[in-house]
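Q: Note that the protein sequences, when read in sequence, are chains A and B. If you use the UniProt record's numbering, the first sequence closes out at 701, no skipped numbers anywhere. If you use the UniProt record's numbering, the second sequence closes out at 103, no skipped numbers anywhere.
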Amino acid sequence: MAELQTLLLVAPVLGQSLSLLERVTVAGLLLMPLLSFLSLFLFGRKLPRHGDWLAIGFMGLSLTGALFLFSQVWGQTPLHSEFTWFLLPQPNGEVVSMQAGVYLDNLTAVMLVLVTFISLLVMVFSVGYMKGDALYARYYAYLSLFTACMLGLLLADNLLVLFICWELVGFLSYLLIGFWYQRQAAAKASTKAFLVNRIGDVGFLWALFAFFAVFKTFNINSAQALLATLPLQAEQGVMLLLGFGLLAGAMGKSAQFPLQVWLPDAMQGPTPVSALIHAATMVAAGVYLLARCFPFFLPEVLLTMAIIGVFTAFIGALAASQQQDIKKVLAFSTISQLGYMVMGVGVGAPEASLFHLITHAFFKASLFLISGIVIHAIQHAWHHHSNKILFEAPIDVQDMRNMGGLRMMLPLTFVCYGISAGALVGLPFFSGFLSKEALLLASVQWAQAGAGWQWLLPGFGFATVLLTAYYMARQLLLVFFGRPRLKLPLKSYKYSPRQEVSWTMLAPVMLLTVLSLWVFFSWSPLSSEQSWLVPQIASALAANSFFPANGHQAHISWILYLSLAMVVLGGALAFFTRQAVRAKQFTKPVMGWRYWLKNQFFLNEAYAFVVVRPTLALGRLTEKTDHILNYGLHAFSKGFVAISKLIAWGDRWVVDGAVQVVGWSSRQVGHLGRSLQNGNIQSYYLFSLLGLVALLFWLFY
Amino acid sequence: MMAIPLLHLLVLGAILFCLGLAIVLTKRHAIAILMGIELLFNAANLNLVAFAQYDPDRLQGQVYSLFVMLIAACETAVALAIVLQVFKYFKTAHLQDIDQLNG
């Protein structure tokens, strides 16, 4: 309730203030997944069905809230409310008041709906996929918390809160990649994802410092307003640091070269998690950040961004074309598509990037969920056939070499896969075509305005279209066509063709697939110009005053034909080499250049050689130094023990001895005196006699 | 009548004193010790009488020794009574066994 309270105390700065109802909705939007996380985390095992209904119900409410906010904001003035977070005294005596709050514009609204919607669908899908898992409640708790943090990231009006949420989603991603932590590969993959992201986040942190140094605020919109008034020539270096830092952060989160190595390994997580986090939402956060901070990038940063983006897109697609794991293909495809988006921001078309982000979220989530269905089906079939324990199938259930011919067993899944794959490769009448065309158009316009070598960039972009078509067609042919390569009787595919998989798994996939069609994004199937989405998103983004060629020229018609030709070429390549691919993939291990591509040019091994091994060597060196230091300390302490033993001896025999001698002697004197008083009257008499004799001697001598 | 020389008397008194002393220091029984004490008294009396030859007119020594005897008789009566009481209490008259004041 603290959150609600603070939201009620706020004062408007930029845009219209939120009405009471909207504030309650925002608070509810954030609190409901948080509430479901807490209840599932604490009491999940005691709830009926381990509480999945609770998480799904709360997520449904969140989606309703997001839709309400969407209806309030879409096409209207942005809403903004903030409160004083804390006061920060400066060295010169000033006190800077740090504000935090929520900022709601078209972009935030559409992203809120996207995240809650896909999260809801993934949760519904997981009911079937995660059935019987030992940590079922924990899984839903993590998903809920992830969604809460992701919504916080989107709603934040300043970079500091955004960074906190950014780290939180990274942490949740770590937990969910390593969800099956008993598998060593999953534990390693989660650690790797976490560490690689740290590298990017160091950049983000530097960018935060630079941001505050320049603008004395973390609020993105206030800083944008300040941008025109600042003497930026003087701040060139800091602005470069800011730009490259943000880019580094985005490269970590959105898996851009050379930090993309964590995403393929992240496929060790449960498949619905891959769909939600590693395809639709979290990895897109980097692109979201770049688009939000677009006005702050200097031309050098934008150029770097464009080159990194298109290079990532190209090598991601190359690596995808040689994978044998069904999820790895999709992972590399995600890297490739994120590369497109980063390139889009770099060539000055963040609205096209965000458009691609939104369309990609739907069809890639759909593709991942479908791969989940396929894996599930293979697993159950093998389990049914061999009567062995689930999850301990001796075959690799994700390996496409064990699939083939699945269109007969999973017809609806096959249709959905076809549509989603069509959207991914960019066939007309699918959403992916519109967004990819917008990105390619932007890159061509950028090349037209720039130097000759800049044509390389759209060139690689088009080559990636070809590769995308190739690897998706290859996957389609390997998984769904041909004959089943796993020699199982058809009936062991448990599900008859009429009921291939439970509706909780199929319905989300179908919904996502339908949303991969063009009509939901633009009336015209061939052009994004008529899209209802793009202009509204563009209106939410501020222009970049540093960018030389920002003017959108006319529609360039040859892009359409060229990209179509590339798609057809790629598809045809996959189709005509299908026999060779099947034969080679199935019998022999891939060799030569294919091997290079499959292992992403041995980037992981290169990192192991250049970074990991020296780090370990350094670690061992410091360990040895520690040993030496330890030894020294040990000798030192031994010496101290010897000295103290000596002192103890002195204490015992000299100091204590002197005291004891005093005691002993007085004791002896006492004894002497006591022996005189022996109670025997005759001895008293003798003593007095002796005394008398002594007296006489003394008197007379 | 020829007076006995003084030295003889003194030597006799000393011998008597030593005998009494030896009895007092060595005897166990309280009554024997009392007897030794009587010897000591008598040694002293002998000295008194011996030195009285230098005072023949007033016979102070002889008179003083008569007093000593009288007092000694009284003292012996009291001492015997005490010895009786001691014997009654301690069931012994051996002085070595009566050492209650041992410090």
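Glycine is no exception: its CB is placed at the ideal position from the N, C-alpha and C atoms. Computed from a prediction, not measured in an experiment: that's the story for all the values here.
In three-state terms, what does DSSP make of Pro350 of chain A?
A: Helix.
Q: Could you check what DSSP says for Val86 of chain B in three-state terms: helix, strand or coil?
A: Looking at Val86 of chain B - three-state DSSP - the assignment turns out to be helix.
Q: Between Phe297 of chain A and the ligand NAP, is there a pair consisting of the residue's CB and a ligand heavy atom that are separated by less than 7 Å?
A: The ligand NAP is not among the ligands present in this structure, which contains no ligands whatsoever.
Q: Can you give me the C-alpha to C-alpha distance between Ala393 of chain A and Leu195 of chain A, rounded to a whole angstrom?
A: Residue confidence is low: Ala393 of chain A scores 49 on pLDDT, short of 50, so the model does not pin down where it sits. No coordinate-derived value is stated.
Q: So is Tyr129 of chain A buried or exposed if we call it buried at 16+ other beta carbons inside 10 Å?
A: Its Cβ being crowded by 16 or more others within 10 Å, Tyr129 of chain A is buried.
Q: Do you know offhand how far Ser516 of chain A's Cα is from Leu276 of chain A's?
A: Straight-line Cα distance between these residues: approximately 16 Å.
Q: What residues are listed by DSSP as bridge partners for Val16 of chain A?
A: According to the sequence shown, residue 16 of chain A is Gln rather than Val. Per DSSP, A:Leu79.
Q: Ala377 of chain A by DSSP, collapsed to three states: which one?
A: Helix at Ala377 of chain A.
Q: Between Ser443 of chain A and Thr615 of chain A, what straight-line distance do the alpha-carbon atoms span, to the nearest angstrom?
A: Taking the straight line joining both Cα atoms gives about 40 Å.
Q: Run through chain A and tell me which residues come within less than 9 Å of Gln85 of chain B, C-beta to C-beta.
A: Chain A residues near Gln85 of chain B: none, gap ~15 Å exceeds 9 Å.
Q: Contact between the region 130 to 150 of chain A and the region 568 to 577 of chain A is defined here as three or more beta-carbon pairs at a separation below 8 Å; is this criterion met?
A: Touching, no, given that fewer than three Cβ pairs across the two stretches are closer than 8 Å.
Q: From the DSSP secondary-structure annotation, give me the bridge partner or partners of Asn219 of chain A.
A: Looking at the DSSP assignment, Asn219 of chain A forms a beta bridge with A:Asn158.
Q: Which residues, in chain order, does the region 86 to 102 of chain B contribute to contact with chain A at a C-beta distance below 7 Å?
A: Answer in chain order: Leu95, Gln96, Asp99, Gln100, Leu101, Asn102.
Q: May I have the straight-line CA-CA distance separating Glu351 of chain A from Leu47 of chain A, to the nearest angstrom?
A: Taking the straight line from one Cα to the other gives about 44 Å.
Q: What distance in whole Å lies between the Cβ atoms of Ser254 of chain A and Val283 of chain A, which are believed to be in contact at a cut-off of 8 Å?
A: 5 Å between Cβ atoms; contact.
Q: Residues in the region 661 to 688 of chain A with C-beta within 7 Å of chain B's C-beta atoms, listed in sequence order?
A: Those residues of the region 661 to 688 of chain A that come within reach of chain B (Cβ to Cβ, closer than 7 Å) are Arg674, Gln677, Asn678, Gly679, Asn680, Ile681, Gln682, Tyr685, Leu686.
Q: For the region 14 to 25 of chain B, which residues have a CB atom closer than 8 Å to at least one CB atom of chain A, in sequence order?
A: Cβ contacts with chain A come from Leu21, Val24, Leu25.
Q: In chain order, what residues of the same chain have a beta carbon less than 8 Å from the beta carbon of Leu154 of chain A, not counting five sequence neighbours either side?
A: Around Leu154 of chain A: Thr108, Met111, Leu112, Val115, Tyr288.
Q: With a cut-off of 8 Å on the beta carbons, I'd call Leu39 of chain B and Leu19 of chain B a contact; round off their distance for me.
A: So it is a contact: roughly 6 Å between Cβ atoms.
Q: On the three-state DSSP scale, how would you describe Trp180 of chain A?
A: Reduced to three states, the DSSP call for Trp180 of chain A is coil.
Q: Report the rounded CA-to-CA distance for Ala44 of chain B versus Leu10 of chain B, giving the unit in angstroms.
A: Cα to Cα, the separation comes out at about 10 Å.
Q: What residues in its chain sit with their C-beta under 7 Å from that of Ala79 of chain B, if we drop five residues either side in the sequence?
A: Only Leu34 meet the Cβ criterion.
Q: Mapping DSSP to helix, strand and coil, what is Pro428 of chain A?
A: In the structure shown, Pro428 of chain A sits in coil (DSSP, three-state: anything other than H, G, I, E or B).
Q: Using only CA atoms, which one of A:Ala285, A:Val342, A:Thr334 lies nearest to Ile307 of chain A?
A: The residue with the shortest Cα to Cα distance from Ile307 of chain A is A:Val342.
Q: If you check the beta carbons only, do Val310 of chain A and Phe460 of chain A fall under 8 Å apart?
A: Yes; because the gap between Cβ atoms is below 8 Å, this pair is in contact.
Q: On the CB-based measure, 16 or more other CB atoms within 10 Å of its CB, does Asp97 of chain B come out buried or exposed?
A: Answer is exposed; the Cβ neighbour count stays below 16.
Q: Suppose contacts are defined by Cβ-Cβ distances below 8 Å. Is Leu121 of chain A in contact with Leu533 of chain A by that definition?
A: Not in contact: Leu121 of chain A and Leu533 of chain A (Cβ atoms no closer than 8 Å).
Q: Are the Cβ atoms of Ser420 of chain A and Ile358 of chain A separated by less than 8 Å?
A: Result no, Cβ atoms of Ser420 of chain A and Ile358 of chain A do not sit closer than 8 Å.
Q: Output the boundary residues of the alpha helix (DSSP H) element that contains Met239 of chain A.
A: Run containing Met239 of chain A: 236 to 253, per the alpha helix (DSSP H) assignment.
Q: Within 10 Å of its beta-carbon, does Gln454 of chain A have 16 or more other beta-carbons around it, so buried, or fewer, so exposed?
A: By the neighbour-count rule (16 or more Cβ atoms within 10 Å), Gln454 of chain A is buried.
Q: Determine the DSSP secondary structure at Leu47 of chain A, reduced to helix, strand or coil.
A: In the structure shown, Leu47 of chain A sits in coil (DSSP, three-state: anything other than H, G, I, E or B).
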